[in-house]
Amino acid sequence: MDELNKSFDDLLIESGDEFDEGGDVLDEMVVNALESSEESDWNSSDEQSDSSDEGSQWSSTIRRRDQFRFQGFEGVLDRDVLDYQHPIQFYRRFITDEMIELIIRETNRYGLSKYPDWTDIDEEELLKFLAICFQMELEIRSNLKDYWSTRKVFSESFAAKLISRNRFVQILNAFHFADNDAPDKSNRLYKIQPILDMLNEEFAAVYSPGKNVCIDESMIPFRGRVIFRQYIRGKRHKFGIKVYKLCCAGGYTCKFIVYAGQQRDRTCPSSQQAVLDLVAPYLNEGRTVTADNFYTSIALAELLIEQKTNYVGTLRKNRLGIPVDIKNARLKRGEVVARQNNKGVTVLKWNDKREIYMLSTCHDASKGQSNKPVMVEGYNLAKGSVDLSDQMCSYTPFVRKTTKWYLRLFFHLVTQTSVVNAWHVYCVVKERISIKEFKCRIIESILEGWRPTEPTTSRPKLCEVSGPKRTSRRRCVNCYKNGSRIHGAPYARSHAVHLTRNAPFDLCKYLLIL
1 MDELNKSFDD LLIESGDEFD EGGDVLDEMV VNALESSEES DWNSSDEQSD SSDEGSQWSS
61 TIRRRDQFRF QGFEGVLDRD VLDYQHPIQF YRRFITDEMI ELIIRETNRY GLSKYPDWTD
121 IDEEELLKFL AICFQMELEI RSNLKDYWST RKVFSESFAA KLISRNRFVQ ILNAFHFADN
181 DAPDKSNRLY KIQPILDMLN EEFAAVYSPG KNVCIDESMI PFRGRVIFRQ YIRGKRHKFG
241 IKVYKLCCAG GYTCKFIVYA GQQRDRTCPS SQQAVLDLVA PYLNEGRTVT ADNFYTSIAL
301 AELLIEQKTN YVGTLRKNRL GIPVDIKNAR LKRGEVVARQ NNKGVTVLKW NDKREIYMLS
361 TCHDASKGQS NKPVMVEGYN LAKGSVDLSD QMCSYTPFVR KTTKWYLRLF FHLVTQTSVV
421 NAWHVYCVVK ERISIKEFKC RIIESILEGW RPTEPTTSRP KLCEVSGPKR TSRRRCVNCY
481 KNGSRIHGAP YARSHAVHLT RNAPFDLCKY LLIL
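Anchor point for the sequence shown: position 438 equals 438 in the UniProt record's numbering, and the numbering is continuous, going up by one each time.
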């Protein structure tokens with residue numbers, strides 16, 4: 001029992017500072033984006049120094065150049081999803097049978113090497129395990145052992161009806177996604193890389209974003225030891241694993257990249273490379289990419305223009321290529337100064353509570369109804385998609401920490417990001433419900449033993465029931481039909497003759513007419 005308690009304390013104890021309360025999108029999103037991005041980890045070699053406009057032709061004449069017409073598709077790509085009825089079907093579209101088989105195979109492999117008395121896990125037990133994890137998100141208790149407590153103060157134990165406490169901990173300790181005997185030393189994420197690849201593939205195959213997409217980083221809380229753990233002072237979760245995300249309206253995550261450190265063979269800044277990798281499947285279709293000043297540079301905007309893609313974002317004042325007259329301009333509150341180069345990149349400085357630098361390839365320097373530059377209004381509107389994704393994940397978080405970084409990453413992606421994506425598609429196809437209600441229906445379906453129906457390959461056939469034949473008489477359909485036409489339905493119901501199975505129908509017609 002001491003060993004079991006130690007396992008709970010060391011492996012799965014609640015972390016109070018990992019609970020993220022959902023909140024509304026802040027009104028002053030641009031200012032907050034500037035403050036948080038400046039505190040993020042960023043290599044000084046990533047084009048930070050020197051503000052020179054040599055080699056660029058900048059003009060004070062600003063023209064709106066939204067020259068790219070959107071030619072992509074927005075909506076559900078997989079037509080089979082349109083026939084889904086239950087939340088569990090939408091969720092299992094992302095958590096595929098292939099992924100379940102991988103988890104079962106690698107967990108059993110590692111479990112046999114770790115426990116002499118290991119019993120192989122199957123699909124039913126794995127789904128029950130995930131159902132308990134979902135329930136832990138909905139009902140937070142101070143200690144993991146309390147979910148199996150029989151004390152009256154904890155009411156009825158949900159988890160105990162599915163899996164015993166010892167078995168749950170045993171599965172959690174053995175949870176694996178890759179073979180430890182065949183590691184890929186060149187990939188820091190090899191322990192979870194198959195899961196990452198499967199999720200990215202399914203995210204892209206189910207739903208296609210519209211014209212506006214947004215890029216930002218999310219922090220997955222983690223305080224354990226891992227070489228690529230990040231510290232960002234401006235984030236609520238200051239320590240964790242950084243994930244670059246490409247999101248669209250509604251909070252759907254189209255693609256994500258886990259940051260595992262800088263690549264030695266990179267040819268451009270890591271922030272710029274992250275943008276190019278995320279938007280690669282959606283280039284040359286007239287989309288508009290929105291990101292904060294961690295990613296924004298004039299060079300990136302010009303690269304995207306060549307790929308028929310617009311860019312909008314906040315800009316750091318020490319980025320390479322900003323016109324000197326913009327940087328040196330002294331503005332009163334509310335004033336704007338802007339320049340546009342010959343490739344269509346517009347750089348703007350607006351003095352609000354502080355000086356804000358913006359870059360856009362599809363806006364001019366005019367102001368909107370809120371007396372803010374339309375460039376700022378467009379940025380705030382598009383940036384909400386990533387914030388909505390993080391906000392929906394924070395409503396029912398999996399608030400258990402672990403010393404294994406790949407488990408923390410797995411549970412975040414499978415019990416939060418995948419659920420938000422499935423919920424978004426469900427709201428588009430069926431009806432709009434809360435994310436909490438969506439998770440509750442997933443749990444209920446797992447408990448009921450839901451299984452997807454197998455598609456039929458031929459037309460259904462009626463088979464004669466074996467046993468004694470029916471001897472009772474039934475109303476003749478021809479008799480009732482003709483009687484209704486001539487005398488009305490009430491008369492036909494009371495006068496229709498009840499015949500045996502092989503009786504001649506012509507007799508009925510004469511009787512009804514008489």
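Just so you know, even glycine gets a beta-carbon here, dropped at the ideal spot from N, CA and C.
Treat the numbers as computed from the prediction; the structure is a model and nothing was measured.
For the alpha helix (DSSP H) holding residue i, just list the boundary residues, first then last.
i, result
"I163", "Element bounds for I163: n/a, residue is neither H nor E."
"N187", "N187 -> no alpha helix (DSSP H), and no H or E assigned at all."
"F177", "Taken as a continuous stretch (DSSP letters only), F177 belongs to no alpha helix (DSSP H), as it is neither H nor E."
"I326", "V324 to N328"
"P490", "A489 to H495"
"L300", "I298 to E306"
"L196", "Q193 to V206"
In this structure, how does DSSP classify residue i when only helix, strand and coil are distinguished?
i, result
"K481", "helix"
"Q89", "helix"
"E437", "helix"
"Y357", "strand"
"S418", "helix"
"P116", "coil"
"G240", "strand"
"T403", "coil"
"Y282", "helix"
"S60", "coil"
"Q230", "strand"
"E217", "strand"
"L320", "coil"
"R109", "helix"
"K245", "strand"
"K145", "helix"
"K235", "coil"
"K383", "helix"
"H261", "Here residue 261 is Gly; the residue named in the question, His, does not match the sequence. DSSP places G261 in coil when its eight states are reduced to three."
"R408", "helix"
"R474", "strand"
"K430", "coil"
"N173", "helix"
Using only CA atoms, which one of the options lies nearest to residue i?
i, options, result
"F294", "G286, C247, E285 and S270", "S270"
"Y91", "D197, I486 and L413", "L413"
"L320", "I257, L300 and P221", "L300"
"Y110", "R79, P373, Q170 and A174", "A174"
"E285", "R69, R63 and R167", "R69"
"E355", "Y259, N342 and R333", "R333"
"I95", "D197, M136, Q230 and R229", "D197"
"E431", "K439, D80, Q85 and D78", "Q85"
"L199", "I446, I443, N421 and S484", "N421"
"A159", "K128, A338 and N180", "K128"
"C248", "M136, M99, A382 and E302", "A382"
"A131", "N166, H237, L447 and K481", "L447"
"R65", "V374, T403, Y115 and V345", "V345"
"E302", "I257, Q272, T403 and T267", "Q272"
"S164", "A496, T288 and W148", "W148"
"C476", "E98, Y491, A496 and T107", "A496"
"Y252", "C479, A204 and I298", "A204"
"K245", "R236, Q230 and V213", "V213"
"G261", "Q230, K238 and C440", "Q230"
"E139", "L409, T290, Q71 and K439", "K439"
What residue does the beta strand (DSSP E) around residue i start on, and which one ends it?
i, result
"T290", "T288 to A291"
"Q135", "Element bounds for Q135: not the beta strand (DSSP E) but the alpha helix (DSSP H), E123 to L138."
"F256", "T253 to V258"
"A338", "V336 to N341"
"V312", "N310 to T314"
"N351", "T346 to N351"
Please state if the CB of residue j and the CB of residue i are separated by a distance shorter than 7 Å.
i, j, result
"C254", "P194", "no"
"N341", "W58", "yes"
"K185", "E217", "no"
"L315", "Y357", "yes"
"residue 515", "D78", "Past the edges of the chain, shown from 1 to 514, lies residue 515, and the structure says nothing about it."
"W405", "G224", "yes"
"A445", "I220", "In the sequence under discussion, the amino acid at residue 445 is Ser, which differs from the Ala named in the question. No, Cβ-Cβ distance for S445 and I220 is not below 7 Å."
"A182", "K191", "no"
"K211", "T288", "yes"
"C133", "T417", "no"
"V337", "A329", "yes"
I'd like to confirm something about residue i: is its beta-carbon nearer than 6 Å to some heavy atom of the ligand SAH, or not?
i, result
"K349", "Here there are no bound small molecules, and the ligand SAH is not part of this structure."
Worksheet item: So, do the stretch 420-430 and the stretch 114-132 have three or more beta carbon pairs nearer to each other than 8 Å?
Response: no
Item to complete: Say whether the stretch 299-315 touches the stretch 350-366, bearing in mind that this needs 3 or more beta-carbon pairs closer than 8 Å, one atom from each stretch.
Response: By the C-beta criterion, the stretch 299-315 is judged to be in contact with the stretch 350-366, since at least 3 inter-stretch pairs fall below 8 Å.
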